[in-house]
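Okay, so here's the structure we're looking at.
Residue numbers (our numbering): 1 to 139.
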């Protein structure tokens with residue numbers, strides 16, 4: 001089974017979790033996004049390469065673990081690894097808000113994070129029900 005939204009959000013906060021490859025990858029993605037915020041763009045290529053490896057690892061795990069979708073299943077617009085990476089990016093922005101950032105900026109990040117977490121949960125539910133498929137592309 002895939003982790004639920006609340007488990008994923010807890011991992012982004014650094015809370016302990018059950019041993020699960022997606023949660024392990026999600027935690028590392030959040031750490032990489034926190035690091036990337038402090039890293040000059042010219043030095044961020046190794047971070048982005050590691051993020052791509054983690055996203056692919058999530059996608060491979062889902063392909064092997066999720067039920068085969070029915071032939072009429074709608075394809076989601078992004079892979080689960082890509083969605084978890086976006087969640088990790090927004091969690092890094094929400095949990096590590098810059099000092100002096102206006103409340104509205106922090107609030108907007110929390111709203112984005114909550115919306116993405118809902119999208120994640122709907123996708124997980126649909127994948128397990130076999131009514132949604134994931135795109136197959138590389139990063």
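Quick reminder that beta carbons are idealized off the backbone N, C-alpha and C, glycines included.
Tell me whether residue i is buried or exposed, calling it buried when 16 or more other Cβ atoms sit within 10 Å of its Cβ.
i: residue 1; result: exposed
i: residue 33; result: buried
i: residue 3; result: buried
i: residue 82; result: buried
i: residue 22; result: buried
i: residue 48; result: exposed
i: residue 13; result: exposed
i: residue 19; result: exposed
i: residue 85; result: buried
i: residue 15; result: exposed
i: residue 59; result: buried
Among the residues of its own chain, which have a CB less than 8 Å from the CB of residue i, if the five just before and after it don't count?
i: residue 135; result: 75, 76, 77, 78, 79
i: residue 119; result: 83
Using 8 Å as the threshold, is the C-beta distance between residue i and residue j below it?
i: residue 92; j: residue 30; result: yes
i: residue 87; j: residue 54; result: no
i: residue 110; j: residue 94; result: yes
i: residue 90; j: residue 64; result: no
i: residue 42; j: residue 36; result: no
i: residue 57; j: residue 25; result: yes
i: residue 50; j: residue 121; result: no
Apart from the five residues on each side of it in sequence, which residues of its chain come closer than 6 Å, Cβ to Cβ, to residue i?
i: residue 27; result: 11
From what residue to what residue does the alpha helix (DSSP H) around residue i run?
i: residue 23; result: 21 to 37
i: residue 11; result: 5 to 12
i: residue 114; result: 103 to 129
i: residue 18; result: Careful: residue 18 lies outside any alpha helix (DSSP H) and carries neither H nor E.
i: residue 91; result: 80 to 95
i: residue 46; result: 45 to 65
Give me the Cβ distance between residue i and residue j, rounded to the nearest whole Å; I'm assuming they're in contact under 8 Å.
i: residue 124; j: residue 69; result: No, residue 124 and residue 69 are not in contact; Cβ-Cβ is about 13 Å, not under 8 Å.
i: residue 66; j: residue 127; result: 5 Å
Could one say the Cβ of residue i lies closer than 8 Å to chain B's Cβ atoms, at least one of them?
i: residue 120; result: The structure shown contains no chain B; it holds only a single protein chain.
Looking only at its own chain, which residues have a Cβ that is under 7 Å from the Cβ of residue i, when we skip the five neighbours before and after it?
i: residue 61; result: 21, 22
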